[in-house]
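Written below as structure tokens is the structure these notes are about.
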């Protein structure tokens, strides 16, 4: 089985057009907002955008809230009837879509990454 490379996509692009990315392999970068090992779910934020991430394919990994991570995975339509639940402590102006979830297969910590320069590149 050949794995596709992840196309770099910003979270705001995913949130703006969630169904456009379903089935595509993407690489996203953001700050870990929340993580629930019980249900293998994380929430990644970048600016005012949030993405829900399915972490079960990543195996055991020590996550730290507030650190910056880069993930590669496939965007899938949310399998739950009525969509996913957003994190309870979201700010009102955060944009997100409950229609999609990133099934992550690769994760790496990129805490030193300057997101302003990364966006320009």
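Residue numbers (my numbering): 1 to 121. Glycine included, every Cβ here is placed at the ideal spot set by N, Cα and C.
With DSSP as the reference, label residue i as helix, strand or coil.
i	result
residue 82	Here residue 82 scores only 47 on pLDDT, less than 50, and its place in the model is too uncertain to base an answer on.
residue 44	strand
residue 22	coil
residue 17	coil
residue 117	helix
residue 12	helix
residue 36	strand
residue 6	coil
Tell me the rounded alpha-carbon separation between residue i and residue j.
i	j	result
residue 41	residue 8	21 angstroms
residue 11	residue 37	22 angstroms
residue 118	residue 39	31 angstroms
residue 6	residue 22	13 angstroms
residue 103	residue 57	7 angstroms
Below 8 angstroms on the Cβ atoms is my contact criterion, and I expect residue i with residue j to pass it. Report the Cβ-Cβ distance as a whole number of Å.
i	j	result
residue 29	residue 68	7 angstroms
residue 96	residue 44	In fact, because the Cβ distance is near 10 angstroms, the residues do not count as touching under 8 angstroms.
residue 31	residue 46	7 angstroms
I'd like the list of long-range same chain contacts for residue i, defined as Cβ closer than 6 angstroms, with 5 residues on each side in sequence excluded.
i	result
residue 101	52, 54, 76, 78
residue 106	72
residue 110	68, 70
Here's a check: name, in chain order, each residue in its chain whose Cβ is nearer than 7 angstroms to the Cβ of residue i, leaving out the five neighbours to either side.
i	result
residue 120	none
Is there a Cβ of chain B sitting closer than 8 angstroms to that of residue i, yes or no?
i	result
residue 36	Among the chains in the structure shown there is no chain B, since it carries only a single protein chain.
Worksheet entry | Contained beta strand (DSSP E) runs [length at least 3] in the region 55-80, N- to C-terminal order | 68-77
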